Amino acid sequence: MKKRVVKTIKSCKLIKPVTVKEGDNIIEVAKKIHNFQERRIFVVSKKNSPVGIISIVDINDRVVALGKDLKKTKAKDVMSYPLNLILDIEEPVEEAAKKMILKDNYYCPVVNKGVLKGLVTYASMINCYKNGKC
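Right, dumping it as structure tokens:
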């Protein structure tokens, strides 16, 4: 009988995340979003743990539309938190995919001992699980 190998998120190709620190002001956040052509950006703690996410809609609705001071408003003041799903790098791909479907996340932050290592997508998990292309 052939032993079934359980693939973990570690086996998947991770995307390098674009991040900002909690204390970065909204001008820095917006510039990073613009420079990397993203629609959202992850906020990390001093220990590089994911703590929140900021979208361009968040910046518009929570800062610009309310006339807040861009230099004084920090990422932590605008971010959506807590994140609804963070995956551990040792988590089995099958379990991670189920969680992502349940939470309606098409990509998700991956941590190792609390430290952000990258983002995993449905596509990278499917490739890893079905084709062994990690």
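Once you know that position 134 of the sequence shown is 140 in my numbering, the rest is easy, because the numbers rise by one and skip nothing. The beta carbon of each residue, even a glycine, is placed where N, CA and C say it ideally should be. Quick caveat: nothing in here was measured; it's all calculated off a predicted structure.
Return the Cβ separation of residue i and residue j in integer angstroms, given the expectation that the two are a contact with Cβ distance under 8 Å.
i	j	result
G5	P23	Limits of the chain in this structure are 7 at one end and 140 at the other, which puts residue 5 out of reach.
I59	L89	6 Å
K74	L91	That pair is no contact at about 29 Å.
Going straight from the alpha carbon of residue i to that of residue j, what length do you get?
i	j	result
Y82	D64	The displayed chain sequence assigns Lys, not Tyr, to residue 82. Those two C-alpha atoms are separated by around 12 Å.
F42	K136	31 Å
N66	L72	8 Å
P98	I21	18 Å
M154	K104	With the chain running from 7 to 140 in the structure shown, residue 154 is simply not present.
K78	V126	33 Å
With distances taken Cα to Cα, identify the nearest neighbour of residue i among the options.
i	options	result
A36	N54, K80, I21	K80
N111	Y128, E101, E100	Y128
V116	K104, I33, S55, F42	S55
Within the same chain, show all residues whose beta-carbon is closer than 8 Å to that of residue i, passing over the 5 residues directly before and after it, in chain order.
i	result
L122	P23, T25, F48, V50, N54, S55, P56, P115, V116
A102	I15, L93, C114, V126, M131
With a CB to CB cut of under 7 Å and the five nearest residues on each side skipped, what residues in its chain are close to residue i?
i	result
S61	R45, R46
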